[in-house]
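Numbering (the numbering used here), first residue to last: 313 to 1103. Worksheet: the structure to be examined is printed underneath.
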């Protein structure tokens, strides 16, 4: 444990700057704290093996029961009495540390935890610390995620969230999900505080987050603090690892669909470190030889990759700098030759993210922590087609592009005011450039550029203030407010978003908590599957389309017993306004001089539900059982006669069981062995499908399917009019983790053990006998083997 004293007078230049900028605030804090008999213990918790700081670690003074948890920058601040204090520090995946410290004055410490007990979550801390209990807050261990059975052996952070109550998955095998009645774009995805606008690979079958580069995953489904804004339903906070500050190391992972490499190490031992990770699929490499052998004039392929990099430098105990980068891309391509042509035609479709950020952590005093972040983030979605025109001996080209660029400067600060208050505040200034649909057509007789009429900048200014107030041993209040100002051409939008949470604790084991959060979302994701491609369009607020807003009410009860089990029951009501959906049958390409605004409906949504969860957190057998009952629906004036209809992600019932059993360790055994079982049973989600058919004029000849040219059209009376069959599957995995640190590890898994044919698609097919209904299942019984090597 490292201990530092706060003596700012030794640095005259820094002291002068602080006096100029913060003298008034410091005087106020002195008034609040000068009469107290306590001192402030603050600092950071780090991984002893690597020197990396740990997010969400918990520290408790065991005699008084006072405790807190580290923020997402790994900083904590705790007011304690002078003299001897007994500390207990814990974090999921690490052994608990007990320590005695004699406090005489404000003190900064750096405490280290040893990796171990990776599935243990310390209950003593949770029972005594109100900060760690939140309505609808879930934190997952990355070690747990890597042991869970996965499709084709590719550990997936987003799919692991599907096993949590309140999270409803969509089509089987896809990473997309809905939280408490919201659509997938109503969840904000943050990677080290940066928004990620595309979180999927392979059209949603794999997550764009590489688990090897991550340290912590936290999902907020209720009681959203005021420091989070920009989403209607939930926030997923993903934290990258910092890199080993002690020694150089790395990992190699190979699964049936992709390979990844992680390299990390110190730039200056115990002061600066780096981490670089890369992952790429080899699906295109598997397809290419077969296509060459076949000698076909048509060839196609698909690939994806993602790249993470991070550098951090501890200048001194009070200042730290970070630079990070994230890049991901999916590519789909095809080449073919027309009959009797010597020239190839080409098609390429690609989409992905690029984010770059710089961050400065600064500790002004034992009670005052601040972080400043400057970042650039972008999302591109492009397709290019090149065709050779034999009649004029020249190539023709068409391009379509959708783009979002985000430049943001934001500050986040945290102040502890005595024993009772912990206050956070910050500002966000952004310039976002939206180009929803841009297209170009180039040929002998035509060169034309088409741009959506909403293309341009949107200016954002947001500020927030939140406070945790510990009234007494039983009652606590979290109150906050977020103010937003949006400037778009010909319109200004102002929003005040209050947040309130009230907790009541009975003894050390029972907690009641209720919360209300008003939220605003000023950008929308439009998706059309009409062309069978990823056609995601991020579109801005405009004069015609106002920001979406929501009110989320939650109430819950938490009970911890036997130092082993956690039990929770939560209910919620979610009301949404100005939600947006594509009109039925809309394609990616639109008419010239028209905007996406002409092809959407704006309406309302509502959802309510009950969630129950029992979780075992210690022992050889760990895991949880959860059940959710929910209902979500929406209403649009020009759809279904203005009446309410089900949301496509509406699943009335959902049961999840996820377990991990760690086998007893044998002294001479090379591996730690564990066995995992996951089971899901859920009501089917909704789709739109015709239940009635009628004769119509035949389509062009190329689309005819029978000799007498009879054509049937399906009549769909309203969207989401058909509920799919019940969805269930059982998955298992067996993990062998190398005990020596260096060497090979293995994970053997089977997804959908009993080969349940969950329909991925239900459709109608026209035959000579009429129209038949058919279904297609993608993932029946999928075995996999994943090999890892640590060096």
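The beta carbon of each residue, even a glycine, is placed where N, CA and C say it ideally should be.
Whole-angstrom distance between residue j and residue i, CA atom to CA atom
i	j	result
residue 886	residue 491	10 Å
residue 693	residue 717	12 Å
residue 497	residue 521	17 Å
residue 834	residue 859	5 Å
residue 372	residue 586	31 Å
residue 336	residue 790	Per-residue confidence for residue 336 stands at a pLDDT of 41, beneath the threshold of 50, marking its modelled position as unreliable; no derived number is given.
residue 1083	residue 1074	13 Å
residue 626	residue 804	42 Å
residue 636	residue 658	35 Å
residue 506	residue 552	11 Å
residue 280	residue 508	Residue 280 cannot be examined here, being either before or after the span of the chain that is shown, 313 to 1103.
residue 966	residue 941	7 Å
residue 663	residue 410	49 Å
residue 923	residue 980	44 Å
residue 896	residue 975	53 Å
residue 569	residue 593	6 Å
residue 961	residue 729	44 Å
Top-ranked residue by Cα proximity to residue i, from the options
i	options	result
residue 876	659, 604, 931, 581	931
residue 596	623, 642, 572	642
residue 706	374, 653, 663	653
residue 523	495, 536, 550	550
residue 864	356, 364, 546	546
residue 714	935, 739, 972, 765	765
residue 959	918, 938, 924, 1002	918
residue 418	674, 355, 936	355
residue 937	970, 954, 943	970
residue 799	839, 838, 741, 580	741
residue 1055	983, 997, 1038, 1088	983
residue 801	963, 699, 771	771
residue 1089	400, 485, 473, 820	485
residue 1041	995, 871, 825, 1049	995
residue 723	711, 729, 1048, 775	775
residue 406	412, 358, 377, 807	358
residue 1045	986, 679, 382	986
residue 466	1062, 746, 1080	1062
residue 375	684, 382, 399, 381	399
residue 682	698, 487, 708, 735	735
Helix, strand or coil at residue i according to DSSP, with G and I counted as helix
i	result
residue 473	helix
residue 457	helix
residue 853	coil
residue 528	strand
residue 594	coil
residue 605	helix
residue 956	coil
residue 1188	This structure leaves residue 1188 out entirely; the chain is present only between 313 and 1103.
residue 913	strand
residue 541	coil
residue 1090	coil
residue 514	helix
residue 783	coil
residue 1065	coil
residue 463	helix
residue 1002	coil
residue 1015	Any reading at residue 1015 is ruled out, since the residue's pLDDT is 41, under 50, leaving its predicted position unreliable.
residue 975	coil
residue 452	strand
residue 536	coil
residue 395	strand
Distance between beta carbons of residue j and residue i, contact taken as under 8 Å
i	j	result
residue 575	residue 588	5 Å
residue 1043	residue 1070	Not a contact, Cβ separation roughly 13 Å.
residue 866	residue 907	The Cβ separation is near 37 Å, so there is no contact.
residue 475	residue 990	6 Å
residue 454	residue 526	6 Å
residue 402	residue 394	No, residue 402 and residue 394 are not in contact; Cβ-Cβ is about 25 Å, not under 8 Å.
residue 1103	residue 572	14 Å between Cβ atoms; not a contact.
residue 633	residue 624	7 Å
residue 997	residue 482	6 Å
Open item on the list: Threshold first: 3 residues or longer. Then list the beta strand (DSSP E) segments lying entirely within the region 548-580, N to C.
Closed with: Fully enclosed beta strand (DSSP E) runs of 3 or longer: 561-566, 570-580.
TODO: Please go through the region 475-512 and give each complete beta strand (DSSP E) segment of 3 or more residues, from N-terminal end onward.
DONE: Annotation note: the region 475-512 contains the following uninterrupted beta strand (DSSP E) runs of length 3 or greater, listed N- to C-terminal: 479-481, 489-491, 499-503.
Open item on the list: To test your reading of the DSSP string, which unbroken alpha helix (DSSP H) runs of 4 or more residues are found completely within the region 858-895?
Closed with: Listed in chain order, nothing qualifies, since the region 858-895 has no complete alpha helix (DSSP H) run of 4 or more residues.
Task: Any beta strand (DSSP E) of 3 or more consecutive residues that is wholly inside the region 683-745 - done: 706-729, all fully within the region 683-745.
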